[in-house]
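Here's the structure, in structure tokens; my notes come after.
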DNA sequence: CCATATTTTTAACCTGGGTTAATGATCGAT
DNA sequence: ATCGATCATTAACCCAGGTTAAAAATATGG
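Protein chains in written order, with the working numbering: chain A, 1 to 173; chain B, 174 to 346.
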């Protein structure tokens, strides 16, 4: 069975208004979410009260808290709709079980997890090796459309700096 | 078949002297490496000539460049032995192929990739949300043994700061 | 055990981005 | 169209960590 067919079959489609949370930091949530429509942000509320954005999520992405879904721990971040959204939520635990007896599902899982891991490694690289300004320049180059879709405040929080800092960077040459 | 049995069967055991590179940034390398003995570092040579350390690798860890192994691109980092090492190298492409027809291998792949992805997310969190000082305090708490095994220079490069910076942090109360 | 290399610390000075706060620009709901 | 809320910019000041360089402490190979 095709992976998307699988998700449609085992999952539940839900409609969410802009501003709604799928889950909040501290919740337990065993689901992954396939995004059919809309944009979301996954973000941390830091100890000092500030927010930083872990990632933006777009149509066809899959998002969820692995630590909560796989280990049963609490979500380390919150997931919020930046626009009205249509998503299919499905159980990660069930997916792991189903993939353990269905080779096709397992293959898709391997592919999905490998690509996910590579994305996380890229982000790690950017945060470890690049200055905030370099990260911004790279984003402008690699995802110019993203800049149109979310506020500059959120871009700053994604880059790990403040909106004031980003405004300064933009107005440097 | 057990996963470790699989690795032993398809892989090649190699002995490496301290200081040897398994691969260098810019190489193509399709292998994953299971570490039987020794400590290694995965590190970037940044554009400005500085080095930053992506991760330390210990016995029973598996390390390789996913982007090179899975996508055939060049390795974005180098992998070097910090001590004499015994490792088993095996092809990632072959692993993916074998896992596509062997459910047991596939299950292990899913487990391995999920745990790997969670580790990368934890690192992302630390780099995005914590100050260098907080990252150091966390490391002291979570991996005190690591501090004994590698130089302070390398700890600094792992935290994303300079050795001078780390020395200062240590000598703050 | 000595000589050399590497690691760690210290000091002086610098800079990117944080903080606070005020101002203006936009957006959205009524 | 208007009001309040959010967003973006600017300015003044601050600070964590970078840079350079030198000294002190440790390792390491012969």
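Note that beta-carbon positions come from the ideal geometry of N, C-alpha and C, so glycine has one too.
Check, Outcome
"Boundaries of the alpha helix (DSSP H) in which residue 141 of chain A is found, first to last residue", "132-142"
"Own chain residues within Cβ distance below 6 angstroms of residue 16 of chain A, not counting five before or after", "81 and 85"
"Candidates B/237, B/225, B/223 and B/182: closest to residue 208 of chain B by CA position", "B/237"
"Identity of the residues DSSP links to residue 285 of chain B by a beta bridge", "Answer is none; residue 285 of chain B lacks a bridge partner."
"Among B/332, B/340 and B/210, the one whose alpha carbon lies nearest that of residue 228 of chain B", "B/332"
"Three-state class that DSSP yields for residue 77 of chain A in the structure shown", "coil"
"Stretch pair the segment 106-123 of chain A + the segment 22-31 of chain A: three plus CB contacts closer than 8 angstroms", "no"
"Inter-residue Cα distance where the pair is residue 252 of chain B and residue 191 of chain B", "12 angstroms"
"According to DSSP, residues forming a beta bridge with residue 20 of chain A", "Paired residue(s): none; residue 20 of chain A is not in a bridge."
"Three-state secondary structure assigned by DSSP to residue 280 of chain B", "helix"
"Three-way DSSP call (helix, strand, coil) for residue 117 of chain A in this model", "helix"
"Local conformation of residue 12 of chain A per DSSP, three classes", "strand"
"Limits of the unbroken beta strand (DSSP E) element including residue 260 of chain B", "258-264"
"Contact list for the segment 242-259 of chain B against chain A, Cβ threshold 7 angstroms", "243 and 249"
"In DSSP terms, what residue 34 of chain A is bridged to", "A/62 and A/88"
"Chain B within 9 angstroms of residue 118 of chain A, Cβ atoms only", "yes"
"Stretch-stretch touch, CB-based, cutoff 8 angstroms, three pairs: the segment 292-300 of chain B with the segment 269-279 of chain B", "no"
"Residue 156 of chain A versus residue 145 of chain A - alpha carbon distance", "15 angstroms"
"Rounded distance between the beta-carbons of residue 127 of chain A and residue 301 of chain B, thought under 8 angstroms", "6 angstroms"
"Residue 156 of chain A at chain B interface by Cβ criterion, 9 angstroms", "no"
"Chain A contacts from the segment 258-285 of chain B (Cβ-Cβ distance under 8 angstroms)", "269, 272, 273, 274, 276, 279, 280, 282 and 283"
"Presumed contact (8 angstroms Cβ cut-off) between residue 57 of chain A and residue 42 of chain A, rounded CB distance", "6 angstroms"
"Residue closest to residue 344 of chain B, alpha-carbon to alpha-carbon, out of B/322, B/306, B/226 and B/334", "B/306"
"Residues bridged to residue 229 of chain B (per DSSP)", "B/214"
"Check whether residue 140 of chain A and residue 130 of chain A have beta carbons under 9 angstroms apart", "no"
"Listed by chain order, chain B residues near residue 124 of chain A by CB distance under 8 angstroms", "227, 293, 296, 297 and 300"
"Residue 44 of chain A at chain B interface by Cβ criterion, 9 angstroms", "yes"
"Reduced DSSP secondary structure (H/G/I, E/B, other) of residue 177 of chain A", "Not covered by the structure: residue 177 of chain A. The range shown for chain A is 1 to 173."
"Beta-bridge pairing of residue 51 of chain A - partner residues as DSSP gives them", "A/45"
"Classification of residue 73 of chain A by the beta-carbon crowding that lies within 10 angstroms, buried from 16 upward", "exposed"
"Chain-ordered chain A contacts of residue 239 of chain B [CB-CB under 8 angstroms]", "114, 117, 118 and 121"
"Environment of residue 40 of chain A [buried if 16+ CB atoms lie within 10 Å]", "buried"
"Inter-residue Cα distance where the pair is residue 242 of chain B and residue 249 of chain B", "11 angstroms"
"Residues of the segment 158-172 of chain A with Cβ closer than 7 angstroms to any Cβ of chain B, in chain order", "160"
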